[in-house]
Amino acid sequence: MSELAADRDAASAGRALSLPPGATDAPVLVLNCGSSSIKFALFDAAVVPLPRQPMWAGQVEGIGGRSPTLVQGGSPPTALALEAKEPYAAALQHVRTAVVAQTGGRPPGAVVHRVVHGGGRYTEPVRIDRRVLADLQGYVALAPLHQPFALHAIATLLDELPDVPQVACFDTAFHRTLPTVEQMLPIPHALFERGVRRYGFHGLSYEYMALALAERHGDLARGHTVVAHLGSGASLCGMQNLQSVATTMGFSALDGLMMGTRCGSVDPGVLLHLMQADGLDLQRLTHLLYHESGLLGVSGLSSSPQVLLEAEQRDPRAAAALALYVRRIVREIGSLAAALGGLDMLAFTAGVGEHSAVLRQRICATLAWLGLELDDDANRANEHLISSGSSCVRVAVEPTNEEWIAASHAVKFVPASAKADRRHADASPVPAGRQP
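At position 419 of the sequence shown the residue is numbered 438 (our numbering), and the sequence of numbers has no breaks.
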C-alpha cells in the first residue's frame, strides 16, 4: 500500500472532514516548493469565479535546519521531526498527510506546482507527464533553489496519484512577451540560439499584479509601470499594457537585484578572478553566489532586511548592506523607466515590498527626481496607495497572490465530473483599500 493510500485510510477512519460545507469533492491543491520550505493551499474549484482566498493553507518551514515547523490553517507552528537523511521527502509526507486529513481522504481534483524555470519551450501551464518531467530536469542548474524540489514533489505525486492531473505553472512564462532585444545577451549569437538568453522570473507574482493593479488603478496601470517584487528573492518588471517588456532577472534567478543570499548582477570578471586566484570550482562558486552573498554576505549578519534595520545603528556592515540593497533597487528602477520611456506607476509587492515602510521610503526618496512623492502616513500604514496627491508617479502597495494564479490555471485541468456541481459566487476583486 502506498504512503498516501495509508494516509487516506487513516483519514477516512478517524478524521472528520474539515472543508467548508458545500465545498467541491475535488479541490485544487497548490504546492510551492523551495529549498527550505513547502507552501501549500487548497482552493474550491466548485466556485465560479475561483475565490482568491484558499479554503485552507499552510507551510513547512526550516527544512534541513535544526527546528522545522508546520503551520496550517492559522494555527500556531508545531515542531516537526524530519528524517536527517531525507528531510525534504519527510516534509512532503507531512504535507500529504495534512492534506488527506483536510479532505477526508479524497484526492484533489488537480495538483498545481509552481515551477520556476520552463525555458523557451514551456510558456503556458501544462499537464505533466514523464516526458515533461524529464524536460524540466534540464533546467535544474538554472534554478537550484527551487526547481529540484518542485520536480521531486511532482515525481512523488505522479507515482502516488497517477489519475490526478499534475499541472506546472512557470515563473518564466509571464515574460514570454519580452522583445527580442531584451532577451538577447551580449555573447556569441550561437549561444542565444541554444537558449542562453534572458528569461525573467517571479512570473506568477507579476501575472497577478497585472490583474490586481488594473482592477484597482484602471487604465493608469496599463501605462509605464514598474513592479518591485521584493522578498528573499527579488526582481523588478517593467510593464506596458500589463505585459512584461523588461525585467531584471535574466538567464537564471541570480541576476539583477541584490537579494537575501543571492548576489544579483556582478561583474563576470570577479567570478573569473575567484576561480583563478582562489581556486573555486563550480560547486563552491555556485554555493557562494546563491547562499553566501546578497544581504547576508555584505552584512555578515543576516539575509533579513528587518534584522538589518534593527541593527544598522550599531553595526556599520548592516548599514552598508542596506545602503547597497536600496541603491541597486533604485538604479534598476531608473533603468526600467528609461527602457519604458517614462514611469506612471511604481508598485511594491512580496514580503519586503508589502511590509517595509522604511525601505519603501528610502527607495522613493532617492527617486524624487522623477517627481515621485510619498504620503508618509499612508506609507507607514501600508495602504494600497502611498503616493501623495501631488506626486507625478503613482506609488502602490499590492499584496501578491501566486497561489491563486496557479490554482486558476489548474482548474482547467480538473476533470469535468469533479466540477459538475460548480457554484457561482460574486466576483472577488482585489480587497478594498484607499482608492486613487
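Think of the CB as a built atom: it goes at the ideal place given N, C-alpha and C, for glycine as much as any other residue.
Remember, predicted model here, so these are calculated numbers, not experimental data.
Counted within 10 angstroms of its Cβ, other Cβ atoms place C411 as buried (16 or more) or exposed: exposed
Check whether Y225 and F270 have beta carbons under 8 Å apart: no
6 Å Cβ shell around A247 - same chain, five flanking residues per side excluded: L255, F367 and G372
Spatial distance of S312 from C282 (CA atoms): 5 Å
Range of the contiguous alpha helix (DSSP H) that encloses C383: A376 to T385
Neighbourhood of V134 by C-beta, 6 Å cutoff - its chain only, sequence neighbours within 5 removed: A169, A187 and F189
DSSP bridge partner residues for C282 (one or two, in chain order): The secondary-structure analysis by DSSP pairs C282 with nothing; it has no beta-bridge partner.
Status (buried if at least 16 other CB within 10 Å, exposed otherwise) for N420: Residue burial annotation: N420 is buried, with at least 16 other C-beta atoms found within 10 angstroms of its C-beta.
Anticipated Cβ contact below 8 Å, L314 with L327, distance rounded: The Cβ separation is near 6 Å, so the contact holds.
M364 - containing beta strand (DSSP E), residue span: M364: member of the beta strand (DSSP E) spanning M364 to T368, first to last residue.
CA nearest to the CA of H221, picked from I206, R125, T266 and D238: T266
Contact belief for H208 with G361 at Cβ below 8 Å, rounded distance in angstroms: Wrong, their Cβ atoms sit about 31 Å apart, outside the cutoff.
With 16 other Cβ atoms within 10 Å as the buried cut-off, status of A35: Caution is warranted here: a pLDDT of 31 is assigned to A35, below 50, making its placement in the model unreliable, and the coordinate value is therefore given only provisionally. The residue in question, A35, is exposed, as its Cβ has fewer than 16 Cβ neighbours within 10 Å.
N-terminal and C-terminal residue of the alpha helix (DSSP H) that A187 is part of: Premise fails: A187 lies in the beta strand (DSSP E), Q185 to F189, not in any alpha helix (DSSP H).
Alpha-carbon to alpha-carbon, T191 and F59: 21 Å
The beta strand (DSSP E) enclosing W75, as first and last residue numbers: W75 to E80
Local conformation of M203 per DSSP, three classes: coil
Three-state class that DSSP yields for W338 in the structure shown: Position check: residue 338 holds Ala in this sequence, whereas Trp was assumed. Under the three-state reduction of DSSP, A338 is assigned to helix.
Contact between the region 193–206 and the region 124–133 (3+ Cβ pairs under 8 Å): no
Through-space distance from R216 to Q202, alpha-carbon basis: 5 Å
N- and C-terminal bounds of the alpha helix (DSSP H) containing N398: D395 to R399
Extent of the continuous beta strand (DSSP E) run through V114: Segment P106 to T122 is the alpha helix (DSSP H) holding V114; no beta strand (DSSP E) there.
Nearest-angstrom Cα separation, counted from G319 out to M278: 14 Å
The alpha helix (DSSP H) enclosing L48, as first and last residue numbers: Where L48 is concerned, there is no enclosing alpha helix (DSSP H), although the beta strand (DSSP E) it sits in stretches over V47 to C52.
Residues that T88 bridges to, as DSSP identifies them: E80 and A98
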